[in-house]
Amino acid sequence: WVRQLMDGHPDQIRTELGMWQEVFVKLIDFLQSHEYTDSKHVMLEEQTNVFLY
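Number 1 in my numbering belongs to position 3 of the sequence shown; there are no gaps in the numbering.
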């Protein structure tokens, strides 16, 4: 689902998560720079999507 959002139309991610794709990418970069990582079974991008949704 995350990959579909990232690869899809830019308005799709805006509609689903309430932020532009560039902002989402920067948020993931920020979280990674503060040592947030993927869990054993869930990527950080998916974890963030669930939180934002």
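We put the CB at the ideal spot given by N, CA and C, even for glycine.
| field | DSSP three-state assignment for Lys38, whether helix, strand or coil | value | It is coil, neither helix nor strand.
| request: Can you give me the start and stop residues for the alpha helix (DSSP H) that Glu14 sits inside? | output: In the DSSP annotation of this structure, the continuous segment of the alpha helix (DSSP H) that includes Glu14 starts and ends at 8 to 15.
| Near Leu3, which residues of its chain fall below 7 Å by C-beta distance, leaving aside the five closest residues on each side in sequence? | Cβ neighbours of Leu3 beyond the five flanking positions: Gln10, Ile11, Glu14.
| query | CA-CA distance, Gln30 and Asn47? | reply | Distance from the CA of Gln30 to the CA of Asn47, rounded to the nearest whole angstrom, comes to 15 Å.
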